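Below: one structure, written as structure tokens.
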Amino acid sequence: MAESILSKKRSSVFKKSPGDIAFYIIDITIFVIFTLICLFPFYYLLINTISDNNLVSKGLIILYPKGINIKNYLALKNVSDLGNAFLVTVLRTLIGTALMVLVSAYAGYLVTKEQMWKRKFCYRFIIITMYFNAGLIPWYLNMLMLGLTNTFAAYILPGLISPFNIILVKTYIESIPKDIEESAMLDGAGPMRIFITMICPLSTPVLATIAVFGAVANWNSFQDSLVLMQGTPELFTLQHRLYVYLSSATNLEALMRNGTVSAEVQASLTLRIVQYTISMVSILPILCVYPLMQRYFVKGIMMGAVKG
Amino acid sequence: MFKKTCSIFLSAALLGACACMTGCNPGTNESGGEDDLITLQVYSQLANWNGMQTGFFETLMEDKFGVKLNIIPDADGTFATRMEKGNLGDIVLWGNNGVNYTTAIADNMLFDWEDEDLLTKHGPYIKEHFNDALEANREINGDNKIYGIGHGIAGNNNDHQSFFYTWDVRWDLYKQLGYPIINDLDDYVQLMKDMKEICPTDDNGKSTYAASLWPDWDENLVMYVKSFASAYYGYDEMDMGLYDTENGIYHDALETNGPYLTALKFFNKLYQAGLIDPDSSTQTYDQMSSKVQNGGTFFSIFNYSGSTAYNSVDHVNAGKMMCSLVPNDAKVISYGLSTKGGTRIWSIGSKTQYPEKCMEIINYLATPEGAMSIWYGLKGVHWDYDENKNIKFTDFGRQCYFEPSKLQTGTTWTSPDTGKTYDLTGTFNDGKLQVNNIVWDFDAINPDSNNERFNYQFWKSEQAAASSDIEQDWRTKTGFNDTQSYIESKNYSVIPGVSFGEGTRDAELSLKWNNVRNAIVQLSWQAMYADSDSKFNSLINQMTIQCKGYGYNDCVTWSKEETQRKFGNLNN
Amino acid sequence: MTDTTALKLENLTAKEKALKIIYAVFRVTALITLMIIFFPPLNPARITTEITKHASLFTTTFSYNTITDTLGRSIKLNYISINTIYILMVSCAIILIGVIAICAGACLSLGNKTAKIKGSWFPIVGSILILAGLCGIYFSYIRVKNGIRPDKVPPNLSYSYYLFIAVAAFNFILSITIRALLRQDKKKQPFKIEQKYTLFLMFLPILILTFVFCYLPLYGWRYAFFDYTVGSDLTWKNFKGFYWFTFLFKNKETFNDLLRVLRNTLIMSGLGILTNWLPIAFAVFLVEIPSVKLKKTIQTLTTLPYFISWVLIYAFALALFSTDGLLNNMLSKITGTTHNTNYLQGDSWIWLKMLLWGTWKGIGWSAIVYIASLSSIDQQMYEAADLDGAKRFQKINYITIPMLMPTYFVLLMLQIAGMLSNGLDQYLVFGNAFNMDKIEVLDLYVYDLGFGKNNNMIPISTLVSMAKSIVSVILLFLANGASKLIRGETIV
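Which chain is which? The protein sequence lines are A, B and C, in order. When you line the first sequence up against numbering that gives the first Met the number 0, it's residues 0 to 307, in that order. When you line the second sequence up against numbering that gives the first Met the number 0, it's residues 0 to 571, in that order. When you line the third sequence up against numbering that gives the first Met the number 0, it's residues 0 to 491, in that order.
Below you can see the structure in the form of structure tokens.
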């Protein structure tokens with residue numbers, strides 16, 4: 000009873016003033032306009048992939064689709080081994096992201112413990128790796144040396160250590176009040192127990208965030224598949240397969256350029272349409288899964304400076 | 000506590016071991032295990048495809064040789080990493096025979112074709128028919144052995160390839176203007192201006208232009224300008240300039256009133272008359288292509304960005320067509336056919352477990368039937384010889400050739416070797432051999448045929464009557480039935496087909512070269528867009544000064560050395 | 000009486016001092032032993048030169064494929080027996096277990112007396128195992144030496160074999176010494192390792208993983224000091240020392256190029272840093288929108304541009320800004336005259352334009368971090384502020400923004416340290432003959448130097464990579480120091 004009064008009282012206290020309304024209108028307008036600007040290229044890609052290809056290749060589809068069909072997406076059926084690549088990528092995203100989040104949380108937590116021997120050195124050891132890059136060939140030779148070429152483990156193991164994500168976790172954990180940990184330690188809990196039972200549940204926003212970052216990175220991964228999996232095409236990732244599909248469309252162009260053969264009639268499936276279709280196919284799964292993770296880190300959106 | 004620590008260590012070690020064991024993937028380099036099919040790793044620097052060969056060619060390879068092909072193209076660092084690994088692959092196809100090729104030979108990465116009588120036992124067709132090409136290869140290898148064979152080999156040295164630069168122009172507008180005589184470049188500029196007057200807009204009401212260019216393919220020089228110079232003067236592109244093979248004169252790019260700058264001036268004149276598409280310096284190839292398809296350009300030096308793109312059924316039925324029109328003063332370039340083969344070498348890796356299979360496959364592709372399968376598909380299904388040994392498409396084959404995304408499902412092929420029947424799958428385009436290299440030249444005479452070339456444009460079965468009035472008009476006016484014969488009657492040059500090992504540039508020269516090249520390309524575009532002649536001249540001046548600063552003279556010296564090495568008749 | 004006890008005390012201290020030093024040496028040796036497992040040039044198991052020179056001892060233990068990749072034909076033709084390979088791999092596995100044992104001993108040495116004593120057995124066993132494994136390697140070497148075709152499968156026993164023997168022996172001696180010097184206390188303490196060390200040991204696997212995947216490849220930086228082309232060995236003959244360092248500066252024009260490129264890079268990065276508060280503003284003001292559903296939708300949709308590759312964004316830009324694109328069409332319709340400007344061509348305001356494209360693409364995505372951080376802010380603070388009569392902007396100013404500051408500062412410092420890297424794709428697609436002067440950043444310049452196409456430019460691109468890395472790390476520490484001065488705490 001007292002609670003409902005309190006909440007009622009609260010809402011009457013925070014009546015909207017004209018200043019508030021003006022602010023809301025400006026705020027919403029700016030964001031809606033920006034959202035539309037963000038949405039438009041996506042919309043543009045979409046209508047170009049579902050319109051008549053001849054009109055698209057003449058550059059006539061700009062604001063709305065004409066001659067709607069889904070031939071371009073059906074053509075993907077014929078891409079060799081696309082289903083296999085899809086499976087590989089999904090597995091990689093699930094396993095790789097889960098393990099990466101675990102390792103990042105573990106590392107991020109340990110690094111906040113000030114008693115750790117040589118803590119500063121350990122932290123810097125990890126962080127500095129963000130700033131150097133040994134180059135493509137040394138990286139490949141390193142993977143060769145580790146025996147990871149042409150294996151699925153090559154997708155998982157290097158990705159376990161993500162310095163940026165570790166930084167995020169560390170910064171977040173440091174903002175959790177220390178007394179929670181201290182009282183648990185007084186009860187005799189060891190660092191691992193505190194980590195599993197207390198820190199992890201409290202850190203769901205940041206863990207969900209890095210899960211999203213990691214999942215997107217895994218989903219879009221291309222270069223490691225390209226360089227490391229040449230002996231085992233069945234391990235190509237989705238993006239790699241789509242890239243091959245795209246290259247095949249440029250094959251025509253390349254043939255003409257090399258002068259190897261005389262000109263052939265332009266296939267109606269031009270390079271640009273293939274690019275658009277591929278892009279849509281890559282983005283759509285992310286858009287479907289993304290809202291699932293969103294609710295974890297969007298708790299902040301539901302709180303915020305002003306209630307009501 | 001001690002036990003706990005121990006167990007932690009043990010489990011960590013086990014986990015690590017497991018992680019690595021999941022890595023162990025036995026037999027990735029050997030047989031796939033299914034049906035005793037062997038997977039061959041084909042490293043092709045020319046391929047645009049990555050992964051297993053699919054479609055009808057896969058069926059062909061499985062039936063004939065019991066192999067599957069895994070095609071590995073050249074991405075960033077692929078060559079370096081494979082060399083460092085120590086194994087280039089089973090079959091290796093080279094983009095050129097320059098320093099990478101010779102380094103591989105020096106490092107024992109390629110299989111000697113005469114070792115263990117490989118060529119005699121498994122490559123009989125090559126041994127019998129391509130002796131010149133084999134000897135040419137022996138010469139460039141440096142250790143008197145044969146490691147491979149070049150591409151584009153012909154049966155004799157007397158002929159030339161079909162014309163690549165066709166000077167396509169809007170024939171209906173030319174007819175409207177009364178067929179003015181075109182002698183030189185100024186006449187062409189005038190023609191373009193006149194065409195713009197009578198046809199100011201394209202199919203969609205947008206502006207028309209003489210030409211629409213694209214910057215994607217620029218290499219040492221602006222591609223379109225360099226090609227135009229080749230098409231007009233008949234000089235071959237050679238590193239940092241153009242080479243007149245007949246008179247042995249090298250024209251470097253910045254030569255005053257030289258072919259490159261003259262061609263650039265031509266485009267600038269067109270620009271000043273408002274006839275160059277302003278998007279040319281920023282657009283991609285297919286942006287340009289869509290403009291051609293809409294009738295936005297009057298002229299193209301290439302057939303694929305001209306007549307092929309424009310002459311759709313709708314346009315032709317409306318009486319509009321792009322056809323070949325060569326200025327009388329022009330000397331169109333063509334490349335001579337040679338028995339020695341070119342620079343894109345077929346070779347076998349030295350670490351392969353199956354050198355015999357590799358040799359047999361290359362041998363098959365060197366036979367006329369194998370060559371035809373690369374371009375057209377399977378004998379009997381896509382093409383065949385008639386009773387007089389003339390080559391013809393089957394109906395299905397013809398459809399596939401001109402519509403490469405056509406699905407092959409529903410068609411069957413019976414193997415002449417094993418007698419088995421297979422159902423074909425996938426699209427025609429994907430089913431073609433994806434290594435992107437050839438043994439026979441497309442314009443060479445097919446020895447199994449009745450003196451016809453591999454190029455379908457020359458087949459008797461493909462000579463057809465004019466499909467429209469406007470085409471008939473062109474035929475009547477020029478007096479020829481097809482573009483090739485027409486250009487054949489004009490002035491043209493033949494660049495001798497020579498087998499040539501490309502030279503290397505050391506690091507210092509590479510840096511200079513890169514800087515010079517960037518300066519030439521960037522300032523060429525800016526000069527093309529100059530609003531006045533004085534602006535054009537000052538930009539050319541700036542280009543010269545900058546290039547000289549970067550070391551242009553050294554680049555030209557090296558280019559001339561290369562030219563002399565290649566053709567042997569340099570006079571300046 | 001007092002004299003003898005004093006003497007005993009002195010002896011003890013001397014022994015303990017000696018033990019301390021020996022332990023330090025031992026731990027360092029264990030570390031080095033672990034590291035050389037991963038070094039290809041120090042691989043004792045490379046018993047024939049036909050095994051790739053990039054195989055380390057680790058490789059020969061686990062990766063059957065890497066060993067047999069080049070030996071396939073030789074195995075098939077029986078120039079080398081498959082059993083030899085198996086023996087080799089088993090021997091290497093034994094060595095590896097020995098090394099792990101030595102490392103376990105080093106880890107346990109961080110504990111108390113009981114831990115140290117229990118742990119002192121490990122290195123002894125480990126060294127013996129290593130020596131046993133080395134015998135196995137020698138055995139397979141002999142088998143190769145007696146093979147039928149030594150020209151196809153040349154036998155090889157490098158100096159690293161003897162190095163390993165020395166290392167094992169040294170470890171053995173150290174561990175025996177330790178075992179001898181250790182004396183159990185009268186009261187046997189329970190096994191314990193201090194928490195500060197256990198935390199470190201828990202973190203150790205992370206360090207090892209990082210070392211293996213991030214630090215080991217740096218060995219490739221040695222290319223920058225040699226005249227290296229693909230396939231060539233790095234010998235003293237083509238050692239160039241610091242030649243490549245001055246290479247790019249020698250030519251006056253090239254030097255000016257480098258300056259120009261650096262200018263472009265720093266300007267683009269600088270602009271990025273100046274506008275890096277935008278994601279915070281985005282997050283803060285997004286949260287202020289009253290409807291939750293609207294907020295969630297906006298948040299999802301504004302991340303869309305992040306997923307579209309730069310190549311496609313450029314295609315889209317062409318559709319908008321080329322001469323017959325949307326912008327020109329609309330202007331023509333509105334003003335009645337034909338507009339035919341190619342907006343993508345010129346170099347006017349190009350830095351700003353690139354900044355706008357980059358911001359539009361990344362802001363929704365970057366804001367995610369801040370939105371997540373917002374949920375860690377204690378709601379009670381807002382309620383207390385409300386009771387104090389604080390208005391909206393005051394609350395943002397005094398609560399929200401300060402709570403987001405830690406994250407912001409970390410990201411800011413990271414951005415400063417990453418000043419020399421702008422990425423490649425954006426500038427590659429938008430670059431053309433007219434704006435290249437201003438748009439060419441360092442990454443694009445290095446890419447254009449022909450790495451990948453031109454295999455003799457590998458030393459140079461390695462060098463530029465190396466220089467960028469060193470400068471970035473220096474910048475990081477400078478920013479760190481600045482942060483300490485300004486805010487009183489470091490970032491890293």
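All C-beta atoms, glycine included, are put in the ideal place defined by N, C-alpha and C. Note that the coordinates shown come from a computational prediction; the quantities given were computed from them, not determined experimentally.
- Counting only Cβ-Cβ distances below 9 Å, T351/B has contacts in chain C at G71, R72, in chain order.
- Residue state for F38/C is assigned as coil, using DSSP reduced to three classes.
- Assignment of N69/B by DSSP, reduced to helix, strand and coil, places it in the strand class.
- When the alpha-carbon of G219/C is set against those of M144/A, S16/A, N47/A, the nearest one is in M144/A.
- For T165/B, the closest of K559/B, N428/B, E487/B, Q545/B by C-alpha to C-alpha distance is E487/B.
- For S323/B, the enclosing beta strand (DSSP E) has its first and last residue at 321–323.
- Interface criterion not met: the Cβ of S268/C is under 8 Å from no Cβ in chain A.
- DSSP, read as helix, strand or coil, puts W220/C in helix.
- At least one CB of chain A lies nearer than 8 Å to the CB of P304/C.
- Cβ proximity to chain A below 9 Å picks out F281, A282, V283, F284, L285, V286, E287, I288, P289, S290, V291, L293, K294, K295, T296, I297, Q298, T299, L300, T301, T302 from the stretch 268–302 of chain C.
- By the Cβ test, the stretch 209–226 of chain B is in contact with the stretch 258–277 of chain B, since at least three Cβ pairs between them sit closer than 8 Å.
- The C-beta distance from K394/C to Y381/C rounds to 6 Å, short enough to fall under 8 Å.
- Judged by DSSP secondary structure, I29/A falls outside any beta strand (DSSP E) and instead within the alpha helix (DSSP H) spanning 17–49.
- If you check the CB distance, Q160/B and D442/B come in under 8 Å.
- Residue contact with chain C for A133/A: present (Cβ-Cβ distance below 8 Å to some residue of chain C).
- For M237/B, the enclosing beta strand (DSSP E) covers residues 235–237.
- If you draw a straight line from the Cα of S80/C to the Cα of S448/B, it is about 51 Å long.
- The C-alpha of G187/A lies about 24 Å from the C-alpha of Y171/A.
- Beyond the five residues adjoining it in sequence on each side, I370/C comes within less than 6 Å, by CB distance, of A282 in the same chain, given in chain order.
- If only uninterrupted beta strand (DSSP E) runs of at least 3 residues are considered, those enclosed by the stretch 292–338 of chain B are 298–301, 321–323, 331–334.
- Here K117/A carries a coil assignment [DSSP, helix/strand/coil].
- Our two residues, F238/C and I136/A, have alpha carbons roughly 19 Å apart in a direct line.
- Around S414/B, the same chain offers D62 as residues with beta carbons nearer than 6 Å, after the five sequence neighbours per side are excluded.
- Using a CB distance cut-off of 8 Å, G76/B counts as an interface residue toward chain A.
- Taking each of C198/B, S467/B, D553/B, Y421/B in turn and checking the Cα distance to C322/B, the smallest one comes out for S467/B.
- For a Cβ distance threshold of 8 Å, nothing in chain A lies close to E254/B: the least Cβ distance comes to about 26 Å.
- The beta carbon of R271/A falls within 8 Å of a beta carbon belonging to chain B, placing the residue at that interface.
- Under a criterion of Cβ atoms nearer than 7 Å, the residues of chain B adjacent to Q229/A are, in order, I71.
- Within the model, the alpha-carbon separation for V66/B versus G213/A is close to 39 Å.
- Taking a C-beta cut-off of 8 Å against chain B, the contacting residues of the stretch 325–354 of chain C are T337, N339, T340, N341, L343, Q344, listed in chain order.
- Look at the beta carbons and you see the stretch 59–74 of chain C not touching the stretch 332–347 of chain B: under three pairs across the two are nearer than 8 Å.
- For the stretch 85–110 of chain A, the set of positions with a beta-carbon nearer than 8 Å to some beta-carbon of chain C reads V102, Y105, A106, L109, V110 in chain order.
- Looking at the DSSP output, D553/B bridges to nothing.
- For R81/B, the enclosing alpha helix (DSSP H) starts and ends at 77–84.
- The C-alpha of I127/C lies about 12 Å from the C-alpha of L95/C.
- In terms of Cα proximity to L303/C, the closest of G18/A, T28/A, F33/A is F33/A.
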